[in-house]
Amino acid sequence: MEYFDIIYEELLENNSFKKIEDTFLSLGYKHVFVVREINTQESLTSQFLLPKSKKLKFHKLFLFSDLKLLNKYKSLEKIIYVGGNLKENTLAINNLKVNILLNPISEKLSFDEQSANMIKQQNKIVAFKTSLYTDRFVLRNLKQTQFIIDLLKIKQADFIFSSFARNYEELVDINILKSFLINFNLEEQFIDRLLDRKILLE
Amino acid sequence: MVVNKKKLNVIRPTLRHKKRYVHFSFSKEILSDPYNLFTILNNNFQKVFGVFLTAKANITVIDLDLEKREVIVRVNKFYLNQFLGSLFFLKKELGLIVIKKVSSTIKKLK
Chain X
51 MEYFDIIYEE LLENNSFKKI EDTFLSLGYK HVFVVREINT QESLTSQFLL PKSKKLKFHK
111 LFLFSDLKLL NKYKSLEKII YVGGNLKENT LAINNLKVNI LLNPISEKLS FDEQSANMIK
171 QQNKIVAFKT SLYTDRFVLR NLKQTQFIID LLKIKQADFI FSSFARNYEE LVDINILKSF
231 LINFNLEEQF IDRLLDRKIL LE
Chain A
179 MVVNKKKLNV IRPTLRHKKR YVHFSFSKEI LSDPYNLFTI LNNNFQKVFG VFLTAKANIT
239 VIDLDLEKRE VIVRVNKFYL NQFLGSLFFL KKELGLIVIK KVSSTIKKLK
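Chains as they are written, first to last, in this note's numbering: chain X, 51 to 252; chain A, 179 to 288.
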């Protein structure tokens with residue numbers, strides 16, 4: 051098993067490479083997906099360089115929260131779209147460029163069986179950020195996540211849990227994350243599949 | 179004939195609770211003594227899983243190194259996953275938690 055984590059570009063910029071490499075290896079990760087948040091035209095066109103390491107493998111991802119910028123995007127890297135309310139979730143699911151829907155959770159439940167069906171048909175992935183369950187509205191987020199996961203399991207659609215960390219304190223050890231996910235009525239083998247790099251790299 | 183029992187019999191191995199020792203490190207410099215850490219771990223576990231599971235899990239702080247910020251905690255084997263899962267909610271109190279090793283004896287940890 052080669053576990054992966056997803057982090058924002060800021061974490062790489064603000065820390066030394068040796069510290070990053072040592073931290074991720076001690077946490078149990080071998081693949082790191084680095085996300086660049088696209089808010090302006092400049093962030094689309096500026097260079098996105100990743101460090102090289104023999105022990106860790108880095109991959110690129112782009113995160114959009116604006117459809118207009120997404121329509122200008124022309125590259126082969128995978129795209130994350132930030133979900134939330136029903137309108138944004140539906141836009142993301144219907145857009146062919148979007149590969150991953152991030153946090154389809156909001157004040158009211160905004161993800162139903164039809165959404166799960168479409169996620170499966172279009173081979174998209176639903177991603178949950180781990181800080182949803184430690185920051186604000188923990189109970190609400192846990193309830194909605196449990197419901198969404200049950201729907202995705204019925205439709206056999208893929209979903210992932212990652213830290214999406216901007217700083218070190220948001221990172222999670224792989225053993226702690228696995229034990230945490232057992233509480234969502236997921237089996238250990240299934241959890242291993244969710245956390246393995248193949249789910250994003252295939 | 180009344181027998182005055184002065185000592186408990188040795189509990190046979192099959193009845194003893196199986197334990198696991200968890201060695202982990204944390205990044206925040208907020209703790210002053212082992213009892214403080216025990217309170218944090220216990221209260222957090224109770225908040226996540228409730229009073230009954232906290233009693234069954236039997237969390238004990240065995241060793242604490244404040245300079246290296248490393249701890250060895252003993253937990254009932256059947257509640258090891260729940261204990262590790264509860265550490266997920268301790269980011270604010272302990273910062274980045276890294277599990278170094280989990281074993282059945284303290285000797286194997288060192």
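All residues carry an ideal CB built from backbone N, CA and C; glycine is no exception. This one's a predicted model, so the numbers in the text were calculated from it and none came from an experiment.
Output needed for residue i: all residues of its chain with C-beta closer than 6 Å, excluding positions within five of it in sequence on either side, in chain order.
| i | result |
| --- | --- |
| S212 of chain X | D55 and I56 |
| R86 of chain X | E59, F98 and F112 |
| A142 of chain X | Y131, G133, V148 and L151 |
| E248 of chain A | S203 |
| I88 of chain X | L94, F112, F114 and L119 |
| D242 of chain X | M51 |
Output needed for residue i: all residues of its chain with C-beta closer than 7 Å, excluding positions within five of it in sequence on either side, in chain order.
| i | result |
| --- | --- |
| Q224 of chain A | T232 |
| F108 of chain X | V82, V84, L100 and P101 |
| K122 of chain X | L94 |
| N220 of chain A | T232 and I237 |
| E163 of chain X | L201 |
| M168 of chain X | I143 |
| F227 of chain A | Q260 and S264 |
| F266 of chain A | none |
| K186 of chain A | Contrary to the premise, residue 186 of chain A reads as Leu rather than Lys in this sequence. Counting only Cβ-Cβ distances below 7 Å, and skipping sequence neighbours, we find nothing. |
Are there 16 or more other CB atoms within 10 angstroms of the CB of residue i, so buried, or fewer, so exposed?
| i | result |
| --- | --- |
| L221 of chain X | buried |
| R247 of chain X | buried |
| Y213 of chain A | exposed |
| L262 of chain A | buried |
| V239 of chain A | buried |
| D223 of chain X | buried |
| K269 of chain A | buried |
| S165 of chain X | buried |
| P154 of chain X | buried |
| I204 of chain X | exposed |
| I250 of chain A | buried |
| V229 of chain A | exposed |
| S160 of chain X | buried |
| F256 of chain A | exposed |
DSSP three-state label for residue i, please.
| i | result |
| --- | --- |
| N215 of chain X | At residue 215 of chain X the sequence reads Ala, which differs from the Asn that was named. DSSP places A215 of chain X in strand when its eight states are reduced to three. |
| L151 of chain X | strand |
| K183 of chain A | coil |
| S165 of chain X | helix |
| T217 of chain A | helix |
| V222 of chain X | coil |
| R190 of chain A | coil |
| N264 of chain A | The sequence as given places Ser at residue 264 of chain A; Asn does not occur at that position. In the structure shown, S264 of chain A sits in a helix (DSSP, three-state: H, G or I). |
| L242 of chain A | strand |
| K285 of chain A | helix |
| D200 of chain X | helix |
| Y183 of chain X | helix |
| K279 of chain A | strand |
| S76 of chain X | helix |
| E138 of chain X | helix |
| E157 of chain X | coil |
| S203 of chain A | strand |
| E248 of chain A | strand |
| S66 of chain X | coil |
| L99 of chain X | coil |
| L236 of chain X | coil |
| Q172 of chain X | coil |
| N145 of chain X | coil |
On the DSSP bridge list, what partners appear for residue i?
| i | result |
| --- | --- |
| A177 of chain X | X:L152 and X:I210 |
| E87 of chain X | X:L113 |
| R198 of chain A | A:V253 |
| F108 of chain X | X:V82 |
| D246 of chain X | X:Y53 |
| K128 of chain X | X:L111 |
| Y58 of chain X | X:V85 |
Return the chain-ordered list of same chain residues with a C-beta closer than 8 Å to the C-beta of residue i, the five sequence neighbours on each side being excluded.
| i | result |
| --- | --- |
| Q91 of chain X | L119 and K122 |
| F234 of chain X | T195, Q196 and I199 |
Using a threshold of 7 Å, is the CB atom of residue i nearer than that to any non-hydrogen atom of the ligand NAP?
| i | result |
| --- | --- |
| R86 of chain X | Because no ligand of any kind appears in the structure shown, any question about the ligand NAP cannot be addressed here. |
*Select from the region 264-288 of chain A all residues with a C-beta closer than 7 Å to any C-beta belonging to chain X, and list them in chain order.*
L265, F266, F267, K269, G273, L274, I275, V276 and I277
*Which residues, taken in chain order from the region 238-267 of chain A, show a beta carbon closer than 9 Å to some beta carbon of chain X?*
For the region 238-267 of chain A, which is checked against every Cβ of chain X, the residues closer than 9 Å are L258, N259, Q260, F261, L262, G263, S264, L265, F266 and F267.
*Anything in the region 183-212 of chain X with a Cβ closer than 8 Å to a Cβ of chain A? List those residues in chain order, please.*
Y183 and T184
_At a CB distance below 7 Å, what residues from the region 62-81 of chain X approach chain A? Give them in sequence order._
S76 and L77
*When you check each C-beta in the region 149-162 of chain X against every C-beta of chain A, which residues fall closer than 9 Å?*
none
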